[in-house]
Amino acid sequence: MKIANLLMERRINLDLQSRTKDEAVQELLKEACSEGFECDYDEVLESIREREEIENTSYGHGFAFPHARTDAVKELYIIIGVSREGLDDKTHDGIPLHVICMLLTPSTIAKLYLQTLSGLAQLARTESVLESILSMTSERELIKLVSDSGITVDKELMVKDVMRHSVATVTKDDTLKEVANQMFRYRLSALAVVDEEARLVGVINDRDLIKAALPDYKSLISNLNYSIDVEPFEELLKKEDKIKVSQLYREDYETTTPETRIVEVAALMIFKDVTRVFVLSEGRLVGVLLRKDIVNMIIRG
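For the sequence shown, the positions run 13 to 313 when my numbering is used.
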């Protein structure tokens, strides 16, 4: 089914008057409630704000996807608002927020909700789509744009619906310091190691960095009186610009494809006790699926 089939002209506002994302959410929600669909305005607004506190839903590329799974609504609703001038909220990529795609769904609906969210995010990543939307003069044009994109929802939830498209990477020639800086900057516990053609060759995680400082960790565990002549972490800091990823990375990692069913990868994660699976398409790294994202997006919502 095409996502465009879920859109309605009366649930699209091409001229938002709000100045912030929160105000835009309230403006769209009030319009939707007055339009006639059954909802508890206060409960829905609280659910959306609660979700925003957990994680900012500003996606980048000028789009934001405020959403909530709440039994205050009875079915999936997609409500879209466009700010011609752009909202005042700060964004991570510096592009002002122009398009607010609000999704509301009962807690019993997960697959359709996640696939719709994923599909609209795919649309947001499409080159020049923001410019096209800002030039539109009718709601029907926006629905046609989504229809022409060919974005659909599948019968089953796929890896592409949940995976992260942006993957932090390093090369074998990068240093330990560069790895640590990226882990800190993006709040990650592991990085993909790629070659010159962006093909995945390995992984390096926080455990590998600690092992570099404690090569005799087994002796420390077996003998608490084991003598250490120097402070290991201090010594590691002295060499962080000289130690290369090639000395630390590992080649034992799991991969999947965007079209793999999410249940298959979830089962793999449990069976092999892994927290991440890298996503490859035609041999190239295109994303990563984290175990915590399955919990946050599917179970938590």
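For glycine and all other residues, C-beta sits at the position ideal for the given N, C-alpha and C.
Source: prediction; values computed, not measured.
**Asked** DSSP state of Asn11, grouped into three classes?
**Response** Outside the displayed range of the chain (13 to 313) lies residue 11, so it cannot be described from this structure.
**Asked** Contact check, Leu154 vs Lys33 under 8 Å by CB: the rounded distance?
**Response** Wrong, their Cβ atoms sit about 19 Å apart, outside the cutoff.
**Asked** Can you tell me where the beta strand (DSSP E) with Ser130 in it begins and where it stops?
**Response** Note, Ser130: premise wrong, no beta strand (DSSP E); alpha helix (DSSP H) at Lys123 to Ala136.
**Item:** DSSP three-state assignment for Ala278, whether helix, strand or coil
**Value:** DSSP places Ala278 within a helical segment (H, G or I) once states are collapsed to three.
**Request:** Can you give me the start and stop residues for the alpha helix (DSSP H) that Tyr53 sits inside?
**Result:** First-last of the alpha helix (DSSP H) with Tyr53: Tyr53 to Ile66.
**Asked** Residues in its own chain within less than 6 Å of His79 by CB, not counting five upstream and five downstream?
**Response** Here the set comprises Leu115.
**Asked** At what residues does the alpha helix (DSSP H) containing Leu146 begin and finish?
**Response** First-last of the alpha helix (DSSP H) with Leu146: Val141 to Leu146.
**Asked** Are Pro270 and Val206 closer than 7 Å when you measure CB to CB?
**Response** Contact flag unset, no.
**Prompt:** Between Tyr125 and the rest of its own chain, which residues show a CB-CB distance below 7 Å, the 5 nearest in sequence each way excluded?
**Reply:** Excluding sequence neighbours, Tyr125 sits near Arg81, Leu88, Leu115 and Thr117.
**Request:** With a threshold of 16 other CB atoms inside 10 Å of the CB of Tyr261, please say whether the residue is buried or exposed.
**Result:** By the neighbour-count rule (16 or more Cβ atoms within 10 Å), Tyr261 is buried.
**Request:** Tell whether a beta-carbon distance below 7 Å holds between Val56 and Ala84.
**Result:** Yes.
**Asked** Can you give the Cα-Cα distance for Lys284 and Gly162, rounded to whole angstroms?
**Response** Distance between the alpha carbons of Lys284 and Gly162: 36 Å.
**Prompt:** When DSSP labels each residue in this structure, what does Pro77 get in the three-state scheme?
**Reply:** Per the sequence shown, the amino acid found at residue 77 is Phe instead of Pro. DSSP places Phe77 in coil when its eight states are reduced to three.
**Asked** Distance, Cα to Cα, Ile92 vs Val275?
**Response** One C-alpha to the other measures close to 31 Å.
**Helix, strand or coil at Arg303 [DSSP, three-state]** = If DSSP states are grouped into helix, strand and coil, Arg303 belongs with the helices.
**Item:** Val242 versus Leu221: straight-line alpha-carbon distance, rounded
**Value:** Because the pLDDT of Val242 is 47, which lies under 50, any placement of that residue in the model is unreliable, and the question is left without a value.
**Asked** Near Thr69, what residues of its chain come up, given a Cβ to Cβ distance below 6 Å and the 5 sequence neighbours on each side ignored?
**Response** Closer than 6 Å at the Cβ level, and outside the excluded window around Thr69, lie Ala76, Phe77 and Pro78.
**Asked** Can you check whether the CB of Lys14 is closer than 7 Å to the CB of Ser144?
**Response** Contact flag unset, no.
**Asked** Between Gln259 and Arg211, what straight-line distance do the alpha-carbon atoms span, to the nearest angstrom?
**Response** Answer to the nearest angstrom: the Cα atoms are 19 Å apart.
**Asked** Going by the CB atoms, is the gap between Leu169 and Lys223 shorter than 7 Å?
**Response** No, the pair does not count as a contact, with Cβ atoms beyond the cut-off.
**Message:** Within 7 Å of any Cβ in chain B, is that where the Cβ of Gly72 sits?
**Reply:** Among the protein chains of the structure shown there is no chain B, as only one such chain exists.
**Prompt:** Going by alpha carbons, who is nearest to Tyr265 out of Val213, Ile306, Lys256 and Glu139?
**Reply:** Answer by Cα proximity: Val213.
**Asked** How is Val242 classed by DSSP in three states: helix, strand or coil?
**Response** Legend: pLDDT at Val242 = 47, less than 50; position of this residue unreliable, value from coordinates given subsequently. In the structure shown, Val242 adopts coil according to DSSP, grouped into three states.
**Message:** Taking the beta carbon of Val174 as the centre, do at least 16 other beta carbons fall within 10 Å, making it buried, or is it exposed?
**Reply:** Result: buried.
**Prompt:** Are the beta-carbon atoms of Arg22 and Glu39 separated by less than 7 Å?
**Reply:** No, these two residues do not count as a Cβ contact at 7 Å.
**Request:** Would you mind working out which of Ala16, Cys45, Glu62 and Thr268 sits nearest Arg176, comparing C-alpha positions?
**Result:** It is Thr268.
**Prompt:** Taking buried to mean at least 16 other C-beta atoms within 10 Å of its own C-beta, is Tyr71 buried or exposed?
**Reply:** Result: buried.
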